[in-house]
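Heads up, the thing below is written out as structure tokens.
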Amino acid sequence: MRGISFFLLLIFLLNIVLTYSQEVQIGYIKYTIFLSNDSIVETNSSNLFSPISPSEMVVDSSGNVFVAAVNTIYVLKNNGNISKEINVSGVEYLTYDPKSQVIITTSGTLPNHV
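Taken in order, the sequence shown gives residues 58 to 171; the numbers are from the working numbering.
The following block contains the structure:
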């Protein structure tokens with residue numbers, strides 16, 4: 058009876074590990090920016106990537122950081138505080154042109170042209 062209980066527990070734990078590992082992406086990032094409380098944490102440990110994590114960040118010549126995340130571009134000052142939120146439907150990718158000082162945004166779902 059004890060062996061069966063141990064085996065069932067082992068199967069249950071294995072099922073949880075396999076399910077968890079298929080759904081969650083694990084990676085390493087240098088900084089984590091918490092938009093809820095305007096804090097920045099430096100880390101080298103593994104982090105779980107949320108499906109709504111920021112997909113792109115760029116820095117302009119003034120040191121402002123532009124973060125594309127779920128239909129919003131967050132503008133962070135060089136101290137990490139949010140200075141502005143810009144609603145842009147479908148925004149996922151950003152690039153900065155230092156010559157014209159323009160931020161260019163695109164969506165990840167571009168239309169197909171035939």
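Ideal Cβ positions, reconstructed from N, Cα and C, are used throughout, including at glycine.
Does DSSP classify Asp-117 as helix, strand or coil?
Counted from its first residue, the sequence shown places residue 117 at position 60. DSSP places Asp-117 in coil when its eight states are reduced to three.
Pick from Asn-121, Lys-141, Ser-118 and Thr-129: whose alpha carbon is nearest that of Thr-163?
Counting from 1 along the sequence shown, the entry for residue 163 is found at position 106. Measuring from the Cα of Thr-163, the nearest candidate turns out to be Thr-129.
Taking Cβ to Cβ, would you say Lys-141 is nearer than 8 Å to Val-148?
Residue 141 sits at position 84 when you count from the first residue of the sequence shown. Residue 148 sits at position 91 when you count from the first residue of the sequence shown. No, the pair does not count as a contact, with Cβ atoms beyond the cut-off.
Just list the residues that DSSP pairs Lys-141 with in beta bridges.
As a first step, residue 141 is located in the sequence shown; it is residue number 84 there, counting from the start. BP columns for Lys-141 point to Val-132.
Nearest CA to the CA of Ser-157: which residue from Ile-97, Ile-139 and Asp-117?
Taking the first residue of the sequence shown as position 1, residue 157 is located at position 100. Among Ile-97, Ile-139 and Asp-117, the Cα nearest to that of Ser-157 belongs to Asp-117.
Buried or exposed: which applies to Ser-78, given that a residue is buried once 16 or more other Cβ atoms fall within 10 Å of its Cβ?
Counted from its first residue, the sequence shown places residue 78 at position 21. In this prediction, Ser-78 scores a pLDDT of 49, lower than 50, which makes its location untrustworthy; the coordinate-derived value is nonetheless stated afterwards. Exposed: under 16 other Cβ atoms inside 10 Å.
Do Thr-152 and Ile-161 have their beta-carbon atoms positioned less than 8 Å apart in this structure?
By one-based count along the sequence shown, residue 161 stands at place 104. By one-based count along the sequence shown, residue 152 stands at place 95. Yes; because the gap between Cβ atoms is below 8 Å, this pair is in contact.
Can you tell me whether Thr-152 is helix, strand or coil according to DSSP?
Residue 152 sits at position 95 when you count from the first residue of the sequence shown. If DSSP states are grouped into helix, strand and coil, Thr-152 belongs with the strands.
Since I believe Val-124 is in contact with Met-114 (beta carbons under 8 Å), could you give me their beta-carbon distance rounded to a whole number of angstroms?
Against the sequence shown, residue 114 aligns to sequence position 57. Against the sequence shown, residue 124 aligns to sequence position 67. Rounded, the Cβ-Cβ distance is 5 Å, consistent with contact.
For the beta strand (DSSP E) that Val-127 lies in, which residues bound it at each end?
Within the sequence shown, the letter at position 70 stands for residue 127. Counting along the chain, Val-127 falls outside any beta strand (DSSP E), and DSSP gives it neither H nor E.
Just to confirm the assignment, what range does the beta strand (DSSP E) spanning Ser-96 have?
What you label residue 96 is simply residue 39 of the sequence shown in a count that begins at 1. 96-99 is the extent of the beta strand (DSSP E) around Ser-96.
Quick one: what does DSSP say Ser-164 is sitting in, helix, strand or coil?
In the sequence shown, residue 164 corresponds to position 107, counting from 1. Strand, per DSSP.
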